Amino acid sequence: MAFLECVACGSKFDAFPPRILCGNCGGTLEYNYDYERFKAAKFTERFSFWRYRQFLPEVKNIVSMGEGGTPLHKAHRISKNVGFTNFYFKDETRNPTNSFMDRCATLLTSNALDLGYKSIVCATNGNLGASLAAYCAKFGLACHVVVPKNVDVGKLAQMLIYDAVIEEYGEL
Numbered sequence: 231m232a233f234l235e236c237v238a239c240g241s242k243f244d245a246f247p248p249r250i251l252c253g254n255c256g257g258t259l260e261y262n263y264d265y266e267r268f269k270a271a272k273f274t275e276r277f278s279f280w281r282y283r284q285f286l287p288e289v290k291n292i293v294s295m296g297e298g299g300t301p302l303h304k305a306h307r308i309s310k311n312v313g314f315t316n317f318y319f320k321d322e323t324r325n326p327t328n329s330f331m332d333r334c335a336t337l338l339t340s341n342a343l344d345l346g347y348k349s350i351v352c353a354t355n356g357n358l359g360a361s362l363a364a365y366c367a368k369f370g371l372a373c374h375v376v377v378p379k380n381v382d383v384g385k386l387a388q389m390l391i392y393d394a395v396i397e398e399y400g401e402l
């Protein structure tokens, strides 16, 4: 369903393995989708992030800690105050590390393992580092996180608990 398309020359490539530059002209590649397949999609898998696998970049082997499938809560009072009939909050605290970033972490970790990588490096001010550290610890990858010197102490503690290597750089 997903493919890579060059923004300069329009060349198309398989989405896996991921790449950044066009092999024909050196232009930047971006993910694109066969939108007709969206219309015909059937969702038969259990209610989770990976239920929508056909819309994600290709991953050969999924690693998961049960992310996604988080509930919506109707915001009755806010709906009434702003004049909307249907206003909901998505409760992402139900994810493994209490963050929507677990959705990114499962995809990134799965992809890294598919490609044979031994570690993941990210720059973040919090949630992504904590989430990636947890997924890397669970699935046997080293995790290196670049954080600002004034990063939230709670998020930093989460990264350290999962044995991430922390590098402080700059400030927010």
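Position one of the sequence shown corresponds to residue 231 (the working numbering), numbered consecutively onward. Ideal Cβ placement from N, Cα and C applies to all residues, glycine included. Quick caveat: nothing in here was measured; it's all calculated off a predicted structure.
- Contact between the region 393–400 and the region 372–385 is established, with three or more Cβ pairs separated by less than 8 Å.
- Contact between the region 321–336 and the region 295–306 is present: 3 or more CB-CB pairs across the two stretches fall below 8 Å.
- Within its own chain, the residues whose Cβ lies closer than 6 Å to the Cβ of phenylalanine 277, once the five positions on either side in sequence are excluded, are Gly299, listed in chain order.
- Annotation for phenylalanine 268: no beta strand (DSSP E) segment contains it, though the alpha helix (DSSP H) segment containing it runs 265–269.
- Around phenylalanine 233, the same chain offers Lys242, Phe243, Asp244, Ala245 and Asn262 as residues with beta carbons nearer than 7 Å, after the five sequence neighbours per side are excluded.
- Proximity to asparagine 357 across Val289, Thr258 and Thr327 peaks at Thr327, based on C-alpha coordinates.
- Inter-residue distance for asparagine 311 and phenylalanine 317 is about 11 Å (C-alpha atoms, whole angstroms).
- The DSSP-derived three-state label of lysine 272 is coil.
- A straight-line Cα-Cα distance of about 8 Å links phenylalanine 268 and phenylalanine 285.
- DSSP places serine 349 in the uninterrupted beta strand (DSSP E) bounded by 349–353.
- Cβ neighbours of aspartate 382 within its own chain (closer than 6 Å, five residues either side excluded): Gly356.
- Residue pairing by DSSP places lysine 242 opposite Glu235 in a beta bridge.
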